[in-house]
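Chemist: Pasting in a structure now, in structure tokens, and then I'll have a few things to ask.
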Amino acid sequence: TTVTFALTELDGTTIGMSASVDVPPLGQVARFIDELFPSLGTPFSGIVRVTSDQAVGIVGLRARTNERGDFLITTTPPSNETAVSTNAETFFPHFADAGGWTTQFILFSGSAGQSSAGTLRFFNDDGLLLDLPVS
663 TTVTFALTEL DGTTIGMSAS VDVPPLGQVA RFIDELFPSL GTPFSGIVRV
713 TSDQAVGIVG LRARTNERGD FLITTTPPSN ETAVSTNAET FFPHFADAGG
763 WTTQFILFSG SAGQSSAGTL RFFNDDGLLL DLPVS
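Structure below.
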């Protein structure tokens with residue numbers, strides 16, 4: 663099947679760039695953004711919209727090298743734009759914020775017309791509210 667990748671800004675406006683990759687039956691393909699879009703430049707902050715006329719499984723990985731030269735990588739789950747939106751709370755049981763490590767939270771609405779606003783509340787091990795600065 664052919665899988666198409668299109669880039670948008672964080673606010674959802676299109677960048678006007680797209681690329682396609684043919685995936686063989688029962689196969690897999692791995693690509694970095696700069697392989698799909700060599701003229702994009704780095705760093706890229708935006709959304710990659712993935713479409714196909716066949717069912718495909720997608721895993722997004724976000725990677726960067728920090729100031730100490732450590733290669734860091736984490737998964738970024740895909741969002742199904744046709745799924746029903748929810749206002750359910752999401753919990754992050756652990757995140758890094760010391761010793762040179764930080765965690766970035768990105769509020770993203772995967773459903774059309776749903777606001778991507780929200781509230782982040784931080785609690786300590788005892789369940790008491792923490793006053794952490796958010797920028």
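Its first residue numbered 663, the sequence shown is counted upward by one per residue in my numbering.
Built from N, CA and C at the ideal position, the CB exists for glycine as well.
Quantities reported herein were computed from a predicted structural model and do not represent experimental measurements.
1) Exposed or buried, which one is L669 when buried takes at least 16 other CB atoms within 10 Å?
2) Taking C-alpha atoms, which residue in I677, V691 and F784 lies nearest to G719?
3) Going straight from the alpha carbon of P755 to that of D793, what length do you get?
4) Compute the Euclidean distance between the alpha carbons of L790 and G674, then round it to the nearest angstrom.
5) Give the DSSP-derived three-state secondary structure of L794 in the structure shown.
6) Ignore the nearest five residues each way along the sequence and tell me which others in A681's own chain have a CB closer than 7 Å to its CB.
Modeler: Put simply:
1) Buried, by the Cβ-count rule.
2) When only C-alpha atoms are compared, the closest one is V691.
3) So the two alpha carbons sit approximately 17 Å from each other.
4) Rounded to the nearest whole angstrom, the C-alpha separation of L790 and G674 is 36 Å.
5) Residue state, collapsed to three classes: coil.
6) Counting only Cβ-Cβ distances below 7 Å, and skipping sequence neighbours, we find F667, L698 and F699.
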